[in-house]
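Numbering (my numbering), first residue to last: 549 to 1094. A virtual CB, placed ideally from N, CA and C, is assigned to each residue, including glycine.
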């Protein structure tokens, strides 16, 4: 190495080439000035794309001279085009953004205006960016049903494809279920035990970045108290047969009549000739009538059998099957006004007597089997009215004494003892064979309007499903119970979530019934609008207890 004579600093710099490797390898002291010491800072671990701020402030000069800084990349990962931000390689705290995973070696040399330091280096290890992992929402599931998981909301910040790995981290004792498609974004499994299942999703980027998320699934047996058990069909209409403690329902897609034991959920089904619109059970529960567009079917309930089908020149949107051998048909809103009585022994159809019955009327058979009460729809003010059926043919007899004084809201239900009429507006009226007393005001329930209601002598309660608007809107998410005598509010039973694919959904009630003993409330529910579930109807049972 060439030596330089001790001269003034400027001459020394000129003679030695100022900052050359030779100068850095020269003497450590020149004219009493010691070589400064570079300190590139501590090694760092960061993520790709995360701003790195280097720190050369630990560098020092024995004489306290102001230091100059020179940073440079001594080594970068393959494929990197990294550079310092805005030419920061001449300041104490330069910045850069690592652009690929790997090790970045950065070299620092400082000078005091006379001598340069020996180089120091710092290593920055940049790891691949982890993905944003989303294993989906927690779910409820029925044992034996398929649970579909969904991690497709997970993303690689760099926009690349992800690799998926799912695994169970917790299962109920004795469970033997296995994951199908564990290396996909959307695996599935069939729970075989009741309890809690925890599943972990690990997603990995092409650069090796990985992260995990966990989703929980709670499984329960069909018919579990206070839990929704989905049906495998789309519910159209339902009534309760207290004589045999059975639920009778009709479904579309497929077109079936179902007889269900609400305590075990055992089900018997019968194919129907056409899509059903309505169902009615005869007093005593021996038969049911199913309304169709242009016909009605008569079904024997035990054992299940289709007994007859009768043609109609109307839609049977509402149907009442009486014990007198007749069925009564009321078309829905938008259909021609009128009502029809069908003599089941012959299939003869008779138009109703008296003045015209408006389409959209909702009708219920009185427990004495001799009269029907109807609620008007599509009229303002809407009223309730009475029809006689003692002679078979339907006869419109008279309406209530009120014309807008008490809103009716287009639906009604009869108390189990036949003494009162409950209307969808929460107003309650007497039912009597004395016209002066019939359909006169008897009180009001505080929650209104109602989508469905039922009265039980054994329970001493009225069960209701309130709605947020008109009759055709789904109710809110709770059963409201009232004392059947005082009409005072007694209790609220929130509806549980509806189990579904990828998440759980809010359940809204459509029909409410008491069982025969009055010890339980049965609610037929539907998953919230927008769930798009293939089977979005189900049943939940609440025991009333003490």
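Best match in the options for proximity to residue i [C-alpha to C-alpha]
i, options, result
"residue 600", "633, 799, 916", "633"
"residue 794", "908, 1064, 968, 1088", "1064"
"residue 852", "805, 990, 611", "805"
"residue 1024", "1081, 729, 997, 661", "997"
"residue 659", "689, 680, 652, 614", "614"
"residue 1001", "1090, 650, 1062, 920", "1062"
"residue 831", "915, 1048, 824, 759", "915"
"residue 626", "652, 1060, 950, 729", "652"
"residue 839", "855, 848, 862, 833", "862"
"residue 1031", "683, 620, 1092", "1092"
"residue 672", "688, 689, 685, 649", "649"
"residue 872", "729, 1039, 919", "919"
"residue 1014", "866, 797, 1060", "1060"
"residue 860", "879, 1081, 850, 769", "879"
"residue 1097", "729, 986, 755, 742", "Look at the range of the chain in this structure, 549 to 1094, and you will see that residue 1097 is not part of it."
"residue 789", "1039, 1035, 850", "850"
"residue 782", "924, 772, 800", "800"
"residue 680", "835, 751, 727", "751"
Neighbour-count burial assignment, residue i, 16 or more Cβ in a 10 Å radius
i, result
"residue 1033", "exposed"
"residue 590", "exposed"
"residue 569", "Unreliable positioning characterises residue 569 in this predicted model, as indicated by a pLDDT of 39, which lies under 50. The coordinate reading is nonetheless provided below. Exposed, because fewer than 16 other Cβ atoms sit within 10 Å of the Cβ of residue 569."
"residue 1078", "exposed"
"residue 845", "buried"
"residue 892", "buried"
"residue 939", "exposed"
"residue 912", "buried"
"residue 607", "buried"
"residue 1005", "exposed"
"residue 881", "exposed"
"residue 812", "exposed"
"residue 802", "exposed"
"residue 944", "buried"
"residue 739", "buried"
"residue 954", "buried"
"residue 762", "exposed"
"residue 835", "buried"
Whole-number beta carbon distance between residue j and residue i, since they are thought to touch under 8 angstroms
i, j, result
"residue 1007", "residue 1057", "Incorrect: roughly 17 angstroms between the Cβ atoms, too far for contact."
"residue 932", "residue 948", "5 angstroms"
"residue 1026", "residue 1041", "6 angstroms"
"residue 974", "residue 993", "4 angstroms"
"residue 767", "residue 691", "5 angstroms"
"residue 597", "residue 645", "6 angstroms"
"residue 897", "residue 874", "Not quite, the Cβ-Cβ distance comes to about 10 angstroms (not below 8 angstroms), so this is no contact."
"residue 1072", "residue 1055", "Actually they are not in contact, since the Cβ atoms of residue 1072 and residue 1055 sit about 10 angstroms apart, beyond 8 angstroms."
"residue 674", "residue 595", "7 angstroms"
C-alpha gap between residue i and residue j, whole angstroms
i, j, result
"residue 841", "residue 703", "50 angstroms"
"residue 618", "residue 668", "11 angstroms"
"residue 697", "residue 733", "8 angstroms"
"residue 638", "residue 623", "18 angstroms"
"residue 664", "residue 578", "11 angstroms"
"residue 775", "residue 895", "43 angstroms"
"residue 1011", "residue 999", "11 angstroms"
"residue 616", "residue 718", "59 angstroms"
"residue 1083", "residue 744", "23 angstroms"
"residue 1069", "residue 1086", "14 angstroms"
"residue 901", "residue 937", "10 angstroms"
"residue 929", "residue 1047", "41 angstroms"
"residue 826", "residue 735", "39 angstroms"
"residue 1003", "residue 764", "39 angstroms"
"residue 683", "residue 807", "39 angstroms"
"residue 758", "residue 700", "15 angstroms"
"residue 662", "residue 581", "8 angstroms"
"residue 858", "residue 941", "16 angstroms"
"residue 979", "residue 969", "6 angstroms"
"residue 876", "residue 1050", "44 angstroms"
"residue 753", "residue 785", "51 angstroms"
"residue 707", "residue 715", "25 angstroms"
Bridge partners - residue i, DSSP secondary structure assignment
i, result
"residue 736", "696, 728"
"residue 758", "752"
"residue 921", "912, 934"
"residue 1106", "Outside the modelled stretch of the chain, which goes from 549 to 1094, sits residue 1106, for which no answer is possible."
"residue 807", "796, 816"
"residue 1087", "777, 1072"
"residue 983", "Its beta-bridge partners do not exist; DSSP assigns none."
"residue 891", "874, 896"
"residue 766", "688, 744"
"residue 991", "976"
Residue-level contact to chain D via CB, residue i, 7 angstroms cutoff
i, result
"residue 643", "The structure shown has no chain D; it contains just one protein chain."
Residue i beta carbon near the ligand ADP (any heavy atom closer than 6 angstroms)
i, result
"residue 757", "You won't find the ligand ADP in this model; it holds no ligand whatsoever."
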